[in-house]
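Enquirer:
In the working numbering, the protein residues as written are -4 to 208.
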């Protein structure tokens, strides 16, 4: 350590951070919560709009199909009616699954955002207490016995507060990871319940009523 380090407050603050956390807390937190959570919330909004579109689409299919069948009958008409009816039913059923998935997306995004705000506040507390601890440790260098006793007690108190703040940060990070993993599992289940519209294919042949047995 150079002579300049002895009088550098930044050096001693970084030393205190390493003693309490064993790492750079800001970099560690950034690595844990990296992600564009605003886009996750927007994905939820997009799914709500898709659900509303599906409902309107299904209604239009039903209205158009009913109008068509007033002027068309026979086996081909029946096959077309079944197809459009199944398609409209699938679209309507997807609405609840889409909105449930959207709710999970938004809940996950806002929950992570809330925890990130909490962690930010805890990081500020951590920085404050580490600063106090370092200053009291430096005060112990003063060759006054009364100052040494007071500084040692203050340093122990500040260190305990800093360690408690770091423990809360680590606990919040674990809650966040559990929340993300659980949310991803729930979202995967919701997506599986949506189903695929492509399963409803157009009839492959035309059966003219005059050719029926």
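In this text, a Cβ means the ideal position worked out from N, Cα and C, and glycines have one as well.
Less than 8 Å between the CB atoms is what I'm expecting for residue 50 and residue 90, so what's the real figure, rounded?
Expert: Position 55 of the chain shown, counted from the start, is the residue given in the question as residue 50. Position 95 of the chain shown, counted from the start, is the residue given in the question as residue 90. That pair is a contact at about 5 Å.
Enquirer: Between the stretch 105 to 123 and the stretch 163 to 174, are three or more C-beta pairs nearer than 8 Å?
Expert: Yes, since at least three Cβ pairs between the stretch 105 to 123 and the stretch 163 to 174 fall closer than 8 Å, the two stretches touch.
Enquirer: Under 7 Å between the Cβ atoms of residue 97 and residue 43?
Expert: Residue numbering aside, residue 97 sits at position 102 when the chain shown is read from its first letter. Residue numbering aside, residue 43 sits at position 48 when the chain shown is read from its first letter. In contact: residue 97 and residue 43 (Cβ atoms closer than 7 Å).
Enquirer: What do you get for residue 179, buried or exposed, if any count of 16 or more other CB atoms within 10 angstroms of its CB means buried?
Expert: The count along the chain shown starts at 1 and reaches residue 179 at position 184. Classification for residue 179: exposed.
Enquirer: Return the first residue and the last residue of the alpha helix (DSSP H) that residue 126 is part of.
Expert: Mapped onto the chain shown, residue 126 falls at position 131. Element bounds for residue 126: 70 to 134.
Enquirer: Skipping 5 residues on each side, what residues in its chain have a beta carbon closer than 7 Å to that of residue 157?
Expert: Locating residue 157 in the chain shown gives position 162, counting from the first residue. If we look at residue 157 and ignore the five residues flanking it on each side, its Cβ neighbours are 15, 121, 124, 125, 128.
Enquirer: May I have the straight-line CA-CA distance separating residue 99 from residue 181, to the nearest angstrom?
Expert: Position 104 of the chain shown, counting from 1, holds the residue named residue 99. Position 186 of the chain shown, counting from 1, holds the residue named residue 181. So the alpha carbons of these two residues sit roughly 7 Å apart.
Enquirer: Quick one, are the C-beta atoms of residue 107 and residue 171 less than 7 Å apart?
Expert: Taking the chain shown and counting its residues from 1, the one referred to as residue 107 is at position 112. Taking the chain shown and counting its residues from 1, the one referred to as residue 171 is at position 176. Yes, the pair counts as a contact, with Cβ atoms nearer than the cut-off.
Enquirer: Could you tell me the alpha carbon to alpha carbon distance between residue 39 and residue 101, rounded to whole angstroms?
Expert: Here residue 39 refers to the residue found at position 44 when the chain shown is read from its first residue. Here residue 101 refers to the residue found at position 106 when the chain shown is read from its first residue. Rounded to whole angstroms, residue 39 to residue 101 spans 5 Å at the Cα level.
Enquirer: Which one of 58, 55, 168 has the shortest CA to CA distance from residue 115?
Expert: Numbered from its first residue, the chain shown carries residue 115 at position 120. Of the candidates 58, 55, 168, the one whose C-alpha sits nearest the C-alpha of residue 115 is 168.
Enquirer: Helix, strand or coil for residue -1, going by three-state DSSP, please let me know.
Expert: Residue -1 sits at position 4 when you count from the first residue of the chain shown. Low confidence applies to residue -1: its pLDDT is 39, below 50, so where it sits in the model is not reliable, and the reading given next is rough at best. Note: residue -1 maps to helix in three-state DSSP.
Enquirer: Whole angstroms are fine: how far does the CA of residue 70 sit from the CA of residue 55?
Expert: Within the chain shown, the letter at position 60 stands for residue 55. Within the chain shown, the letter at position 75 stands for residue 70. Each residue's alpha carbon lies about 23 Å from the other.
Enquirer: If we ignore side chains and look at the alpha-carbon of each, how far apart do residue 159 and residue 46 end up?
Expert: Walking along the chain shown from the start, residue 159 turns up at place 164. Walking along the chain shown from the start, residue 46 turns up at place 51. If you take the alpha carbons of residue 159 and residue 46, they lie about 46 Å apart.
Enquirer: Hey, could you find the ends of the alpha helix (DSSP H) residue 32 is sitting in?
Expert: As a working note, residue 32 is residue 37 in the chain shown. Element bounds for residue 32: 32 to 64.
Enquirer: Among the residues of its own chain, which have a CB less than 8 Å from the CB of residue 31, if the five just before and after it don't count?
Expert: Taking the first residue of the chain shown as position 1, residue 31 is located at position 36. So the list is empty, once near-sequence residues are dropped.
Enquirer: In three-state terms, what does DSSP make of residue 4?
Expert: Reading the chain shown from its first residue, position 9 is the one you call residue 4. At residue 4, the pLDDT of 48 sits below 50, so the modelled position is not reliable; the number obtained from the coordinates is stated separately. Reduced to three states, the DSSP call for residue 4 is helix.
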